[in-house]
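Numbering (this note's numbering), first residue to last: 8 to 305. Virtual Cβ for every residue (Gly too), placed ideally from N, Cα, C. The next block holds one structure in the form of structure tokens; read it before the comments.
Next up, the structure:
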């Protein structure tokens, strides 16, 4: 565990999951002055996450300085911020004293339920429990939550340090005070919050996933090449990235999993039917940018 010596009056935030989402959430929190416990099952992965956060903080510090600074000076700025970060391979110790516990693991309901059940054994009774799910309904998790009034969703977008939006998802049992706190918290970490109800995919993914799936089906039918699909949407609609390229960026396995969740939640909706081309690429291990090959080769 890397100990922090920074004195801080902001409440402690515990983040469970040290992947791209978890480490990104940790970064924006410590940038806003929040002490963070980051939990991961592997110390190696936690150290890699810490190094990624450090590099990002150095980059941010460089952009903020009007006069170019020496690399050592920028690194020192990053190291001071990193004193707010503690890494944990023990889930119980990570949850202790946390005012907010944010689950940021894979889109697997059983895994998320297990995380919440475990952290509630050691976190304070008034700790807010937050899920970063992008497609699962929060009502599927509330049965294991001791105090549903303190349970809500914060759907961050990848990459977290860059993407401004956060969907603040409330259930019928989430208290107004919890929702209000989360809106203020998002603003403190320089994010733009929007209110979303506990519906499949919330706002963004309910609109985005059908769009991405239609682009794959268009490619599968041979209506257009992937390059022309991406070029058309980038320059015809001013999107920063074409849909096929975005699929590779998100991860084809992630999309396949999300599509399955939508299919189970909204049975009979043809927009979420399986896509042979997507399934084939995932079966071949071609998952997009993270494997250097998906629809495109990187």
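With residue i as the anchor, note down where its alpha helix (DSSP H) starts and where it stops.
i, result
"residue 93", "Premise fails: residue 93 lies in the beta strand (DSSP E), 92–95, not in any alpha helix (DSSP H)."
"residue 55", "50–71"
"residue 109", "First-last for residue 109: 107–110, but that is the beta strand (DSSP E), not the alpha helix (DSSP H)."
"residue 250", "250–257"
"residue 243", "233–244"
"residue 31", "27–38"
"residue 141", "Per DSSP, residue 141 belongs to no alpha helix (DSSP H) and is neither H nor E."
"residue 2", "Because the chain here runs from 8 to 305, residue 2 falls outside it and cannot be looked at."
"residue 100", "98–102"
By the three-class DSSP mapping on this structure, what secondary structure does residue i have?
i, result
"residue 209", "coil"
"residue 17", "coil"
"residue 197", "coil"
"residue 294", "coil"
"residue 188", "helix"
"residue 174", "strand"
"residue 302", "coil"
"residue 128", "coil"
"residue 273", "coil"
"residue 9", "Reliability of the predicted coordinates at residue 9 is poor, the pLDDT of 39 falling under 50, and the value obtained from them is presented with this limitation in mind. In this structure, residue 9 counts as coil in the three-state DSSP scheme."
Following the continuous beta strand (DSSP E) through residue i, name the residue where it begins and the one where it ends.
i, result
"residue 135", "135–138"
"residue 279", "Premise fails: residue 279 is in no beta strand (DSSP E) and is neither H nor E."
"residue 151", "Premise fails: residue 151 is in no beta strand (DSSP E) and is neither H nor E."
"residue 160", "158–163"
"residue 46", "43–46"
Using CA coordinates, which residue listed in the options is at the minimum distance from residue i?
i, options, result
"residue 130", "105, 150, 164", "105"
"residue 89", "109, 103, 64", "64"
"residue 219", "237, 38, 209", "237"
"residue 234", "228, 224, 249", "249"
"residue 252", "282, 225, 232, 303", "303"
"residue 263", "279, 36, 296, 274", "279"
"residue 155", "123, 25, 192", "123"
"residue 301", "283, 35, 259", "259"
"residue 19", "134, 231, 111", "134"
"residue 151", "84, 125, 197, 199", "125"
"residue 26", "197, 111, 305, 299", "111"
"residue 128", "210, 100, 181", "100"
"residue 197", "87, 35, 149", "35"
"residue 86", "61, 103, 93, 96", "61"
"residue 92", "199, 210, 22", "22"
"residue 190", "214, 213, 159", "159"
"residue 147", "52, 120, 305, 24", "120"
"residue 39", "194, 254, 298, 299", "194"
"residue 52", "29, 71, 199", "29"
"residue 318", "212, 228, 157", "Not covered by the structure: residue 318. The range shown for the chain is 8 to 305."
Using a 10 Å radius around the Cβ and a threshold of 16 neighbouring Cβ atoms, would you call residue i buried or exposed?
i, result
"residue 13", "Caution applies to residue 13, whose pLDDT of 47 falls short of 50 and renders its modelled position unreliable; the model cannot decide the point."
"residue 42", "buried"
"residue 1", "There is simply no residue 1 to check, as the chain begins at 8 and stops at 305 in what is shown."
"residue 108", "buried"
"residue 292", "exposed"
"residue 8", "Because residue 8 carries a pLDDT of 40, less than 50, the predicted location of this residue cannot be relied on, and the following value inherits that uncertainty. Answer is exposed; the Cβ neighbour count stays below 16."
"residue 153", "exposed"
"residue 10", "Because the pLDDT at residue 10 is just 40, under 50, the model does not fix this residue reliably, and the point stays unresolved."
"residue 77", "exposed"
"residue 173", "buried"
"residue 169", "exposed"
"residue 81", "buried"
"residue 200", "buried"
Any 3 or more C-beta pairs closer than 8 Å across the stretch 142–162 and the stretch 108–123
yes
So does the stretch 162–179 actually touch the stretch 201–210, counting three or more Cβ pairs closer than 8 Å?
yes
At least three beta-carbon pairs within less than 8 Å, the stretch 219–230 to the stretch 48–59:
no
With three or more C-beta pairs closer than 8 Å as the rule, is the stretch 130–139 touching the stretch 257–270?
no
Does the stretch 37–53 come within contact of the stretch 184–191, defined as at least 3 CB pairs closer than 8 Å?
no
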